[in-house]
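Trainee: So that we are looking at the same thing, I have put the structure below in structure tokens.
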Amino acid sequence: MLDFELRRPTSLEDALAMLDTDDPSVRPWSGGTALMLMMKSGVFEPSVLVDLTGVEEEHASIRRLEDGGTSIGALATLASLQFDPHLASEAPVLGQALPRLANVRVRNVARVGGCLAHGDPHMDLPPILACLRGLVVARKADGERRIAVEQLFAGYYETVLDPGEIITAVELPTQTGWDSVYRKTTVRTHHDWPTVGVAISLRREAGLIVESRVIVSAATEKLTRLEAVENLLAGQPSNAALFTRAGRTAAELVETIDDAQGSASYKRVLVGVEVRRALSQILEEGSGS
Amino acid sequence: MRQHISFNLNGRPVSMDVGAHEDAVDVLRRRNLFGARESCGQGLCGCCTIKVDGVPVSGCLTLGLKLDGAEVETVEGLEREGVLDIVQQAFIDAGAFQCGFCTPGFVMMASDLLARVEAPTDEQIKDHLAGNLCRCAAYPEIIAAVRAAAEKRSAHAQV
Numbered sequence: 001m002l003d004f005e006l007r008r009p010t011s012l013e014d015a016l017a018m019l020d021t022d023d024p025s026v027r028p029w030s031g032g033t034a035l036m037l038m039m040k041s042g043v044f045e046p047s048v049l050v051d052l053t054g055v056e057e058e059h060a061s062i063r064r065l066e067d068g069g070t071s072i073g074a075l076a077t078l079a080s081l082q083f084d085p086h087l088a089s090e091a092p093v094l095g096q097a098l099p100r101l102a103n104v105r106v107r108n109v110a111r112v113g114g115c116l117a118h119g120d121p122h123m124d125l126p127p128i129l130a131c132l133r134g135l136v137v138a139r140k141a142d143g144e145r146r147i148a149v150e151q152l153f154a155g156y157y158e159t160v161l162d163p164g165e166i167i168t169a170v171e172l173p174t175q176t177g178w179d180s181v182y183r184k185t186t187v188r189t190h191h192d193w194p195t196v197g198v199a200i201s202l203r204r205e206a207g208l209i210v211e212s213r214v215i216v217s218a219a220t221e222k223l224t225r226l227e228a229v230e231n232l233l234a235g236q237p238s239n240a241a242l243f244t245r246a247g248r249t250a251a252e253l254v255e256t257i258d259d260a261q262g263s264a265s266y267k268r269v270l271v272g273v274e275v276r277r278a279l280s281q282i283l284e285e286g287s288g289s
Numbered sequence: 001m002r003q004h005i006s007f008n009l010n011g012r013p014v015s016m017d018v019g020a021h022e023d024a025v026d027v028l029r030r031r032n033l034f035g036a037r038e039s040c041g042q043g044l045c046g047c048c049t050i051k052v053d054g055v056p057v058s059g060c061l062t063l064g065l066k067l068d069g070a071e072v073e074t075v076e077g078l079e080r081e082g083v084l085d086i087v088q089q090a091f092i093d094a095g096a097f098q099c100g101f102c103t104p105g106f107v108m109m110a111s112d113l114l115a116r117v118e119a120p121t122d123e124q125i126k127d128h129l130a131g132n133l134c135r136c137a138a139y140p141e142i143i144a145a146v147r148a149a150a151e152k153r154s155a156h157a158q159v
């Protein structure tokens, strides 16, 4: 790693002021697990890192909102998501998925905000937060806006965040009535980076699927919502034949890419399989009426 | 950037100059502590496991500068007055290694698990140690050692 300056602001305002520059070598830093790899391999050569963990006291909490939703501070560690008692009942999919995300040490330091802002399509958490209909709260020196998680990504390692804009929280609406599942295929170890990640949420009433979110990541250039599959599911009774059709449609429509985790054609097949299996899994395990 | 930092290392206050380019393993090696070893350098293998403020992290993914003000524990801090910790002794008793390169990392992670879960199941042990690699593949003995350490610890607690 080359030389750089580590700045440690103690307020969000100071951090935003330090990041208010067009210089792309000035970057925010939190858990650092991803950027450290890029710095060690010479892919990223920062001049200044702005360490956000000095403001984590106010921005790492996970709390229930008055409307029944949940606010997750951007500096919450992945471990804190995994063990949060409120999320365990509100969005059990998180606690189920996180043990297979990297390892204990990475989860102890990696932050929710960094996981999203990094723009890496291979992450497990963004598709889950997208299927939970999460909103990213983004702030820069001159204001705050909310962006749906599924709209955050502009391309491979690219987000729609402006220079100097940082994620301060993720807000989830109430999950009452919804059931969610995340499935990942790995080609090496159980807790490896996903070759394919599929996150699906369903809202069912009287045996019919009323609404859904079908999200694919890792197989694709960026996190992708498959609205055509959601439309196919809408108003239908949950059954194996429907899920097979949904899987087939997903595989036909998804635009997969080649990488170290597998070829595009292999991933296309896997997307179909995982969409079908995720839907079946919700039917078997889900608590929906 | 070089900065003078101060932190507690295995319970003793230390201060030293650290460069921006140094990770926590580099810093510890300059303190003559070689238990945390950089192996994969990517946070995958666990050989560089240390505890920072009570939480196990990968030393290779931790900026040296970030140790400023922290409570840092390494495998060297586990023994008390020349007597090995229960987990360390359990690894020896179970023969839970061949070359021993990965052992400090496994011992640190196992200690962390036993501090949280009194009697972990094999599944919990495997989950907690999933990010540690033993190239000699002493995994069955490692799991047996953690189980034995848990039993010994709870037997001590009952005395």
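Those protein sequence lines, which keep their order, are chains A and B. So in full-length UniProt numbering, spot 91 of the first sequence is number 91, and the numbers just go up one at a time. So in full-length UniProt numbering, spot 78 of the second sequence is number 78, and the numbers just go up one at a time. C-beta atoms are modelled at their ideal positions from N, C-alpha and C, and glycine is treated no differently.
1) On the DSSP letters alone, give me the boundaries of the alpha helix (DSSP H) that D68/B sits inside.
2) In chain order, what are the residue ranges of uninterrupted alpha helix (DSSP H) at least 4 long that sit wholly in the segment 58-124 of chain B?
3) Could you tell me which of A130/B, R31/B and A24/B sits nearest to G32/A, measuring between CA atoms?
4) Count the other CB atoms, across all protein chains shown, that sit within 10 Å of the CB of Q175/A; report buried if there are 16 or more and exposed otherwise.
5) Taking DSSP's pairing of strands, which residues face T159/A in a bridge?
6) Could you check where the alpha helix (DSSP H) with S265/A kicks off and where it finishes?
7) Note down, in chain order, each residue of its chain lying with its Cβ closer than 6 Å to the Cβ of A76/A, except the 5 sequence neighbours on either side.
8) Identify the contact partners of G43/B in chain A, using a Cβ-Cβ distance below 7 Å as the criterion.
9) Quick one: residues in its chain with C-beta nearer than 7 Å to the C-beta of L132/A, no 5 flanking neighbours on either side, listed in chain order?
10) Are the CB atoms of A138/B and D98/B within a distance shorter than 8 Å?
11) When burial is assigned at 16 or more other CB atoms within 10 Å of the CB, is I167/A buried or exposed?
12) Quick one: is M36/A near chain B, going by C-beta distance under 8 Å?
13) Quick check: is the beta carbon of L16/A nearer than 8 Å to any beta carbon in chain B?
14) Please list the terminal residues of the continuous alpha helix (DSSP H) segment that includes Q175/A.
15) Tell me, please, whether the segment 33-48 of chain B touches the segment 95-109 of chain B by the rule of three or more beta-carbon pairs shorter than 8 Å.
16) Given this structure, state the Cα-to-Cα distance separating L52/A from V104/A, to the nearest angstrom.
17) Compare the C-beta of H128/B with all C-beta atoms of chain A and state if any pair is closer than 8 Å.
18) Counting only the same chain and skipping the five closest in sequence on each side, list residues whose C-beta sits under 8 Å from that of K40/A.
19) When you compare the CB of M109/B with every CB in chain A, is at least one pair closer than 8 Å?
20) Output the boundary residues of the alpha helix (DSSP H) element that contains P140/B.
21) Indicate the three-state DSSP secondary structure (helix, strand or coil) for M16/B in the structure shown.
22) Would the segment 43-51 of chain A and the segment 11-26 of chain A be scored as touching if the rule is three or more Cβ pairs under 8 Å?
23) For the segment 254-273 of chain A against the segment 217-233 of chain A, are there 3 or more C-beta pairs whose distance is under 8 Å?
24) Kindly indicate if chain A contains any beta-carbon less than 8 Å away from that of M16/B.
25) Leaving aside the five residues before and after V198/A along the sequence, list all residues of the same chain whose C-beta is less than 6 Å from its C-beta, in chain order.
26) Can you list, in chain order, the residues of its chain with a C-beta nearer than 6 Å to that of D20/A? Leave out the 5 residues immediately preceding and following it.
Mentor: On the basis of the supplied data:
1) It is not in any alpha helix (DSSP H) - D68/B carries neither H nor E in the DSSP assignment.
2) 86-94 and 103-116
3) A24/B
4) buried
5) F153/A
6) A264 to E285
7) A60, I62 and V112
8) T33, R105 and V106
9) A91, L172, Q175, S180 and S201
10) The sequence as given places Gln at residue 98/B; Asp does not occur at that position. Against a cut-off of 8 Å, the Cβ pair of A138/B and Q98/B comes out as a contact.
11) buried
12) yes
13) no
14) No alpha helix (DSSP H) holds Q175/A; DSSP gives it neither H nor E.
15) yes
16) 21 Å
17) yes
18) M1
19) yes
20) Y139 to Q158
21) strand
22) yes
23) yes
24) no
25) R183, V216, E274, V275 and A278
26) A141 and G164
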